[in-house]
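Enquirer:
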Amino acid sequence: MTQTMTASAARKASKKTQHVRSTGDWITLIVLIAAALLVLFPLLVLTINAFKTPVDYNATGPLSLPKHFTMDGIISFWTTTKFPLKFWNSLVISLVVAVAAVVLSVLNSFALGIGRVKGNTWIVLAIMLANMMPQEALLYPLYTMFKQLGLYNTKLAIIIVFTIIQSAYGTYLLSSVYGTFPQAILEAAAIDGASRWQVLRKVVLPISWPTISVLFVFFFVWTWNEYMIPMAFLMGDDVQTIPLALATLQGQRTMDATTLASASLLSIVPTIIFFIIFQRKLSQGITAGAVK
Numbered sequence: 607m608t609q610t611m612t613a614s615a616a617r618k619a620s621k622k623t624q625h626v627r628s629t630g631d632w633i634t635l636i637v638l639i640a641a642a643l644l645v646l647f648p649l650l651v652l653t654i655n656a657f658k659t660p661v662d663y664n665a666t667g668p669l670s671l672p673k674h675f676t677m678d679g680i681i682s683f684w685t686t687t688k689f690p691l692k693f694w695n696s697l698v699i700s701l702v703v704a705v706a707a708v709v710l711s712v713l714n715s716f717a718l719g720i721g722r723v724k725g726n727t728w729i730v731l732a733i734m735l736a737n738m739m740p741q742e743a744l745l746y747p748l749y750t751m752f753k754q755l756g757l758y759n760t761k762l763a764i765i766i767v768f769t770i771i772q773s774a775y776g777t778y779l780l781s782s783v784y785g786t787f788p789q790a791i792l793e794a795a796a797i798d799g800a801s802r803w804q805v806l807r808k809v810v811l812p813i814s815w816p817t818i819s820v821l822f823v824f825f826f827v828w829t830w831n832e833y834m835i836p837m838a839f840l841m842g843d844d845v846q847t848i849p850l851a852l853a854t855l856q857g858q859r860t861m862d863a864t865t866l867a868s869a870s871l872l873s874i875v876p877t878i879i880f881f882i883i884f885q886r887k888l889s890q891g892i893t894a895g896a897v898k
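Remember, my numbering sits 606 above the position in the sequence shown when you count from 1.
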């Protein structure tokens with residue numbers, strides 16, 4: 607009986623100890639909350655002003671709550687720029703680029719990191735140097751090439767460009783990860799008679815899914831937010847993306863601050879939703895990379 611009571615008391619004491627936070631933990635928590643509020647503050651201000659009337663904004667400034675709730679700015683941007691069409695263009699381009707770039711990154715990295723292609727170090731170095739090239743240097747050669755191929759002013763041109771750009775970064779990142787892949791696992795698979803394709807599909811991919819998920823999220827968001835290259839190659843209104851629609855609307859007419867806030871909010875909401883959906887995969891990928 608005495609032993610049972612002692613064990614119970616020990617368990618309760620252990621639970622209390624687990625829930626006790628040190629002063630350093632509280633300071634860290636407060637700093638993180640403050641940093642989160644600081645990061646979210648611009649988005650909060652943008653949301654507040656998106657639902658204001660121009661009169662409210664001019665009378666009370668950007669930091670006050672709206673006295674008269676309105677969606678006129680959002681409706682105006684939605685109808686004026688044909689937002690559903692621009693949204694579909696951005697979604698198709700971003701998704702296709704993210705998937706294609708991830709597939710290319712995995713295949714290239716498997717060949718360079720695990721396949722041990724001759725001169726793989728120099729190939730990775732060349733890819734890294736290519737990543738450092740400014741996009742401005744690519745505009746004229748790509749313009750000439752797409753004009754000759756008949757791909758100018760098409761979504762396919764943007765998909766090709768960003769698939770190559772994003773996969774170059776993904777290859778550089780994944781090849782370093784695959785280069786440190788445990789050889790014992792690969793040798794065990796080879797002894798069991800697994801082919802190269804089976805090693806990739808059944809051994810390498812399941813282990814590296816967290817990292818691949820992070821690349822997929824990054825590739826989607828980066829492509830969605832791209833402006834310069836789409837601006838140079840997408841002239842038609844029916845193929846333009848959301849960032850181009852926002853820039854075009856600003857260039858065509860003078861916009862009040864509330865309409866601009868509404869347009870900006872509407873343009874970033876899809877990426878926020880996408881990030882929330884894949885937030886768990888992103889956290890798992892970052893944690894897996896840190897543990898490794």
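Virtual Cβ for every residue (Gly too), placed ideally from N, Cα, C.
Measure the Cβ-Cβ separation of residue 708 and residue 761 and say whether it is below 8 Å.
Expert: Their beta carbons are not under 8 Å apart, which means residue 708 does not touch residue 761 by this criterion.
Enquirer: Can you tell me where the alpha helix (DSSP H) with residue 819 in it begins and where it stops?
Expert: Residue 819 -> alpha helix (DSSP H) spans 811-831.
Enquirer: With C-beta atoms as the reference, is residue 877 less than 8 Å away from residue 827?
Expert: Yes, these two residues count as a Cβ contact at 8 Å.
Enquirer: Only counting the same chain, and skipping five residues up and downstream in sequence, which positions put a Cβ closer than 6 Å to that of residue 822?
Expert: 704 and 708, listed in sequence order.
Enquirer: Roughly how far, in whole angstroms, is the beta-carbon of residue 657 from the beta-carbon of residue 668, given that I think they are within contact range, below 8 Å?
Expert: About 12 Å separates the two Cβ atoms, so there is no contact after all.
Enquirer: Quick check: the Cα distance between residue 622 and residue 632, rounded to an integer number of angstroms?
Expert: Confidence is the limiting factor: at residue 622 the pLDDT is only 49, short of 50, which leaves the residue's position unreliable and the question unanswerable from this model.
Enquirer: Taking only the alpha-carbon atoms, compute the straight-line gap between residue 849 and residue 728 and give it to the nearest angstrom.
Expert: Each residue's Cα considered, the two are about 37 Å apart.
Enquirer: Should residue 692 be labelled buried (16 or more other beta-carbon atoms within 10 Å of its own) or exposed?
Expert: Looking at its Cβ environment, which holds 16 or more other Cβ atoms inside 10 Å, residue 692 is buried.
Enquirer: If we call anything under 8 Å between Cβ atoms a contact, is residue 764 one with residue 835?
Expert: Yes, the pair counts as a contact, with Cβ atoms nearer than the cut-off.
Enquirer: On a CA-only basis, which of 690, 779 and 713 is nearest residue 731? Give me that one, please.
Expert: Of the candidates 690, 779 and 713, the one whose C-alpha sits nearest the C-alpha of residue 731 is 779.
Enquirer: Might you give, ordered along the chain, the residues of its own chain that have their beta carbon closer than 6 Å to the beta carbon of residue 838, omitting 5 neighbours on each side?
Expert: The residues are 745.
Enquirer: Classify residue 654 as buried or exposed, calling it buried when 16 or more other Cβ atoms lie within 10 Å of its own Cβ.
Expert: It is buried - the Cβ of residue 654 has at least 16 other Cβ atoms within 10 Å.
Enquirer: Considering only residues of the same chain and omitting the five flanking positions on each side of residue 736, which have a CB-CB separation below 7 Å?
Expert: Around residue 736: 774.
Enquirer: Can you tell which of 831, 785, 793 and 841 has the C-alpha that lies nearest to the C-alpha of residue 872?
Expert: Measuring from the Cα of residue 872, the nearest candidate turns out to be 831.
Enquirer: From residue 678 to residue 687, what distance separates their C-alpha atoms?
Expert: Near 14 Å, if we compare the C-alpha coordinates of residue 687 and residue 678.
Enquirer: Going by alpha carbons, who is nearest to residue 864 out of 664, 803 and 629?
Expert: Minimum Cα distance to residue 864 is reached at 664.
Enquirer: In chain order, which alpha helix (DSSP H) runs of at least 4 residues are fully inside the segment 658-695?
Expert: Whole alpha helix (DSSP H) segments, 4+ residues: 660-666 and 678-686.
Enquirer: Taking just the CA atoms, how far does residue 630 sit from residue 696?
Expert: Each residue's alpha carbon lies about 45 Å from the other.
Enquirer: Would you please verify whether the beta carbon of residue 764 is less than 8 Å from any beta carbon of chain C?
Expert: Among the chains of the structure shown, chain C does not appear; only one protein chain is present.
Enquirer: Can you list, in chain order, the residues of its chain whose CB lies under 7 Å from that of residue 652, leaving out five sequence neighbours each side?
Expert: Once the five neighbours on either side are set aside, the close Cβ partners of residue 652 are 867, 870 and 871.
Enquirer: Just the C-alpha distance for residue 649 and residue 874, rounded to the nearest angstrom, thanks.
Expert: Going by the C-alpha atoms only, they are around 10 Å apart.
Enquirer: With a Cβ-Cβ cutoff of 8 Å, do residue 554 and residue 772 count as a contact?
Expert: A question about residue 554 goes unanswered here, because the residues of the chain that appear run from 607 up to 898.
Enquirer: Using C-beta distances below 6 Å, list every residue in its chain close to residue 675, excluding the 5 sequence neighbours before and after it, in chain order.
Expert: For residue 675, where only same-chain residues beyond five positions count, the Cβ hits under 6 Å are 657.
Enquirer: Kindly indicate the opening and closing residues of the alpha helix (DSSP H) around residue 776.
Expert: That run of the alpha helix (DSSP H) goes 761-784.
Enquirer: Please name the residue in 846, 845, 819 and 847 whose C-alpha comes closest to that of residue 880.
Expert: Of the listed residues, the one whose Cα sits closest to residue 880 is 819.
Enquirer: Express the C-alpha separation of residue 647 and residue 666 in angstroms, rounding to a whole number.
Expert: Distance between the alpha carbons of residue 666 and residue 647: 18 Å.
Enquirer: Can you name, in chain order, every residue of its own chain whose Cβ lies under 8 Å from the Cβ of residue 795, other than the five neighbours on each side?
Expert: Answer for residue 795: 804, 805, 808 and 809, listed in chain order.
Enquirer: Would residue 645 pass as a contact of residue 759 if the rule is Cβ separation under 8 Å?
Expert: Their beta carbons are not under 8 Å apart, which means residue 645 does not touch residue 759 by this criterion.
Enquirer: Taking all protein chains shown into account, do 16 or more other C-beta atoms lie within 10 angstroms of the C-beta of residue 712, making it buried, or fewer, making it exposed?
Expert: Result: buried.
Enquirer: When we look at the beta-carbon of residue 882 and count the other beta-carbons within 10 Å, is it buried (16 or more) or exposed?
Expert: The residue is exposed, with fewer than 16 neighbouring Cβ atoms inside 10 Å.
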